[in-house]
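*Asks:* One line per chain: the protein sequences are A and B, in this order. Okay, so the first sequence: first residue is 1 according to this note's numbering, each after it adds one. Okay, so the second sequence: first residue is 1001 according to this note's numbering, each after it adds one. Every residue gets a Cβ at the ideal spot worked out from N, C-alpha and C, and that includes glycine. This structure is in structure tokens; I'll ask about it shortly.
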Amino acid sequence: GENVEQHPSTLSVQEGDSAVIKCTYSDSASNYFPWYKQELGKGPQLIIDIRSNVGEKKDQRIAVTLNKTAKHFSLHITETQPEDSAVYFCAATGNQFYFGTGTSLTVIP
Amino acid sequence: KAGVTQTPRYLIKTRGQQVTLSCSPISGHRSVSWYQQTPGQGLQFLFEYFSETQRNKGNFPGRFSGRQFSNSRSEMNVSTLELGDSALYLCASSLALTRTGTGELFFGEGSRLTVL
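Written out as structure tokens, the structure is:
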């Protein structure tokens, strides 16, 4: 089956700096790559996604890039704010969602 | 529009007992999937139900089971509980079956199970 690896597991940045989270996957058949944000005490919520026929997608301060050849995709958050502090999960999807182990992002005011 | 509702939110059981968790999906969503979340392990897929049928199953022992009703509500059951079953169990609903049309998963807030 699919194997998704996510790095780093924890990340601290100063407010206003950028944050980058990286994921790799193993199954070339995976074709949908969402990113979810989980705040304390809540369920994960989709923040951005990308499909295998697209290399990059941007939504305001958040962007995702996908390199199908290398089988890796990344989440970029610019101008970070304290409310960006949360756990972020990447996923690779074919017949089911395979999630990474999560990155705990802390934005220091 | 109401979100995904999971009950109970918290529960404590002892080893050997069984537990049933409930999930009400967003109205109109026919796919319900369940995940186990533990520290350091991320979200592990348990199973997906669509139109009352289990369509996919993760690598969990047979003690983990589920079902879906005609109104798309779903339950999962864990029998003969073990200490390692302590986790947050998340339910997610979606419009379509994952393998036919991947789209957004809408998660509930989870049921936190503690096994003593």
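#1: At what residues does the beta strand (DSSP E) containing B/R1055 begin and finish?
#2: With distance defined between alpha-carbon atoms, name the residue in A/C23, A/S12 and A/F33 nearest to A/G94.
#3: In chain A, which residues lie with their C-beta within 8 Å of the C-beta of B/Q1041?
#4: Can you tell me whether B/L1083 is helix, strand or coil according to DSSP?
#5: With contact counted as at least three CB pairs below 8 Å, one residue from each stretch, are the stretch 76–86 of chain A and the stretch 10–25 of chain A in contact?
#6: Can you check whether the CB of B/A1092 is closer than 8 Å to the CB of B/V1004?
#7: If I follow the unbroken beta strand (DSSP E) through B/L1113, where does it start and stop?
#8: For A/I48 versus A/V64, is the C-beta distance shorter than 8 Å?
#9: Helix, strand or coil for A/E83? Go by DSSP, reduced to three states.
#10: Closest to A/I108 by C-alpha separation, out of A/E56, A/L11 and A/G1, would be which residue?
*Replies:* Here's the rundown:
#1: T1053 to K1057
#2: A/F33
#3: What B/Q1041 touches in chain A: T101.
#4: helix
#5: yes
#6: yes
#7: First-last of the beta strand (DSSP E) with B/L1113: S1111 to V1115.
#8: Yes, they are a contact pair.
#9: helix
#10: Out of A/E56, A/L11 and A/G1, A/L11 has the C-alpha closest to the C-alpha of A/I108.
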